[in-house]
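In the working numbering, the protein residues as written are 1 to 794.
Cβ coordinates follow ideal geometry from the N, Cα and C atoms, glycine included.
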């Protein structure tokens, strides 16, 4: 298993800082009187079971205000460096921007739903004028419920939350298609709701399909049927046999298929930890043979319909456009806004605005944000801070909800450059509506070079590459990126970062060689400078031994890239000396031993004199073996998501198709089975999941609204499009249900959070980083790469 996601030490560090930030315990507050709970949806979920969705409350977010006498109070600091203000013994906000402003606390407005009443059968009465069984009004025989927070408000002492309540009403006799009914919820003091019962039209939360849709030639087209009812447990769909593909406009049946069991809840083998993440049986609805373009919905007899979706040549292209532009929205050092986007953010972290970036003597690889687990980057950077500043340290990507820029972000550039190399004519035509620095290049390459240029800008005169730029702490409550008051520091150059940059710059030189020779020469020279520095440093400081296996892996990758770019035999010799693929049968990666996946990909795609044919075959075999193993693992998952079996199920497992080696196997072999697996792997994150949620903002019918994105929260804007969140998680790998982060939001759940299926463990609440955050290199770029490949492939 290779852990490319955040290290456990970093996760635990985040927990500690989060707890210090949030204070102790959940705040039990009563929402102010205002809007009543809202019945937002009625839909069938089974023959005789009606599903209701009620929402209650909304967050009125805190605001930045000038610090004035009216806001004066007793300040106190917490362990994370926030300075709070109390008035009359109550916390009202935090001092920010060097005590010139106050960020007030949130509040939850609106009435709460009385869940004691919601669980009573008598609360619901259905009557009908044309269904004799309901002429006198009928209450359900059973009521089930699951409730969860839809956001978290930072209030005095802790949190409060608006809520979503899903209710399942089992009636003694089924409602009849085409008949008219009235639902009364008078005990909730809500108005009656009239509806015509028509399962061929009404959406059911039990039917799941991709919001993106499909290309006509996608070899896999599937939907899923499943439902976990909270206090009612799993829904039994064993008697449901058929599904129908309906034309969205006419209702015509276009295709009829059999419903097949994809994964029984009793099967505990969805990964190597003997887990089942679904909590219910999952059924597959396969309509892969349909190639006719159009807008459709899936109908399951007696259950209801899915969201509408398209089968269209540009289905993946539209989604890729939004995902790729998520990177632009994370750019640091420039203003974000019109004419490129409606999301607005002032220029941040730019020296022209007086921002100072201090040099630290601490290298990234010696911290927990690099390779040394358990070493707090903030403490280490501050201890080794110098008085020297970097005058041109701007650019790169804000990492996530915070604003760090680290060498790992070069993974973004590698993926985007690969897309352009694979499909140059397609991406030459694609316009992403982003600012351009290199006028002659297509937009995709503009984005790819953005991160490379940042690290080149902060390279030392002798070629050492710094691991990035980091603030001295997590963002303070209420401060936006352009208001940062923490010290901002650069890491010292290190061999790992320098090898990483050398490889990425060499790849840029390779792909730019024919289209832009002068620019390619510049990147090649920069790559060689970084490689020369790293080779000298490795010899002088480490006597050519490797302090971490990642250093050897990155050295191996850089040598492969430089050989492909320059043809210099010396780089080939270095690659052969550091590769793990000298003998056949070596995996692409082994946890805590090596990960040479990227180097294998580069070498097998190199065509230079002096290549080692046996070594090239071994690289190809390793890629194919990894792809085959992932496909085999995929067949055991209910919703056909994909991951390495030993990788813990969090940080993007259910939101990002972890299919890079499978895509590469498809490129190498052209075999349909690999393409089919990639399409399947992309379904869960695109909306074919129990929450019917596309996990990338701005894509689909429903997507996260409360992503942990500090700048949007502070400015009361919706998060920008294109952010792919980390999503549902298996909390057992994070300390279990008593994990404090899980408990904060989980305390609002019913049934108890510990009983929820893992794949439903996503709460769109902002304050839960491991669910609601994202990173440019771990979620956004891999997601964009997969969608881009599916869009551009021949």
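- request: Taking only the alpha-carbon atoms, compute the straight-line gap between residue 533 and residue 648 and give it to the nearest angstrom.
  value: 37 Å
message: Using CA atoms only, rank isn't needed, just tell me which of 677, 177, 597 and 502 is closest to residue 202.
response: 177
- prompt: What's the C-alpha gap between residue 540 and residue 495?
  reply: Rounded to the nearest whole angstrom, the CA to CA distance from residue 540 to residue 495 is 11 Å.
Start-to-end residues for the alpha helix (DSSP H) that takes in residue 64: No alpha helix (DSSP H) holds residue 64; the beta strand (DSSP E) holding it covers 64–66.
message: According to DSSP, simplified to helix, strand and coil, what is residue 662?
response: helix
- request: Would you check if the stretch 251–259 and the stretch 175–195 touch, i.e. whether three or more CB-CB distances between them fall below 8 Å?
  value: no
- prompt: Skipping 5 residues on each side, what residues in its chain have a beta carbon closer than 6 Å to that of residue 333?
  reply: 349, 350, 394 and 395
query: Where do the N-terminal and C-terminal ends of the alpha helix (DSSP H) with residue 501 fall, by residue?
result: 495–512 is the span of the alpha helix (DSSP H), which, as asked, contains residue 501.
message: Considering only their Cβ atoms, is the gap separating residue 206 from residue 303 smaller than 7 Å?
response: yes
message: Below 8 Å, how does it come out for the stretch 216–226 and the stretch 692–701: are there three or more Cβ pairs, yes or no?
response: no
- request: Could you spell out the range, first to last residue, of the beta strand (DSSP E) harbouring residue 604?
  value: It is not in any beta strand (DSSP E) - residue 604 instead sits in the alpha helix (DSSP H) that spans 597–604.
task: Kindly indicate the opening and closing residues of the beta strand (DSSP E) around residue 152.
output: No beta strand (DSSP E) holds residue 152; DSSP gives it neither H nor E.
- request: Enumerate, from N- to C-terminal direction, the unbroken alpha helix (DSSP H) stretches of 4 or more residues contained entirely within the stretch 294–371.
  value: 315–328
- request: Using the Cα positions of residue 15 and residue 741, report the straight-line distance between them to the nearest angstrom.
  value: Note that residue 15 scores a pLDDT of 45, beneath 50, so its modelled location is shaky and nothing firm can be said.
- prompt: Among the residues of its own chain, which have a CB less than 6 Å from the CB of residue 599, if the five just before and after it don't count?
  reply: 556, 557 and 560
query: Contact between the stretch 130–145 and the stretch 87–107: three or more CB pairs below 8 Å?
result: no
- request: Can you give me the Cβ contacts of residue 268 inside the same chain, cut-off strictly under 6 Å, excluding the 5 residues immediately before and after it?
  value: 274 and 276
message: Between the alpha carbons of residue 479 and residue 569, how many angstroms are there, rounded?
response: 52 Å
task: Quick one: which unbroken alpha helix (DSSP H) runs of 4-plus residues sit fully inside the stretch 371–401? Chain order, please.
output: 377–383
field: Boundaries of the beta strand (DSSP E) in which residue 76 is found, first to last residue
entry: 74–77
- prompt: residue 87 and residue 110: beta carbons closer than 7 Å?
  reply: no
DSSP state of residue 783 mapped onto helix, strand, coil: helix
message: At the level of alpha carbons, what is the spacing between residue 181 and residue 238?
response: About 28 Å.
- request: Would you check if there are 3 or more beta carbon pairs closer than 8 Å linking the stretch 161–173 to the stretch 39–56?
  value: yes
- request: State the beta-bridge partners of residue 715 as determined by DSSP.
  value: Per DSSP, none; premise fails for residue 715.
Inter-residue spacing [alpha-carbon to alpha-carbon] between residue 437 and residue 445: 10 Å
message: Does residue 738 pass the burial test, meaning 16 or more other C-beta atoms within 10 Å, or should it be called exposed?
response: exposed
query: What residues match up with residue 798 in a beta bridge as DSSP calls it?
result: With the chain running from 1 to 794 in the structure shown, residue 798 is simply not present.
- prompt: To the nearest angstrom, how far is it from the Cα of residue 870 to the Cα of residue 247?
  reply: Since the first residue of the chain shown is 1 and the last is 794, residue 870 is not available in this structure.
- prompt: Buried or exposed: residue 877, going by 16 or more other Cβ atoms within 10 Å of its Cβ?
  reply: Given a span of 1 to 794 for the chain in the structure shown, any question on residue 877 remains unanswerable.
query: Should the stretch 148–164 be regarded as contacting the stretch 756–774, the criterion being three or more beta carbon pairs within less than 8 Å?
result: yes
query: Could you give the distance in angstroms between the alpha-carbon of residue 448 and the alpha-carbon of residue 360?
result: 27 Å
query: Given a threshold of 16 other Cβ atoms within 10 Å of its Cβ, counted over all protein chains shown, does residue 525 qualify as buried or as exposed?
result: exposed
- prompt: So residue 306 and residue 409 are in contact, right, with Cβ under 8 Å, and what is the actual spacing, rounded?
  reply: Not really, about 37 Å apart at Cβ, beyond 8 Å.
- prompt: First and last residue of the beta strand (DSSP E) that includes residue 183?
  reply: 180–185
message: Bridge partners for residue 94 per DSSP, in chain order?
response: 84 and 103
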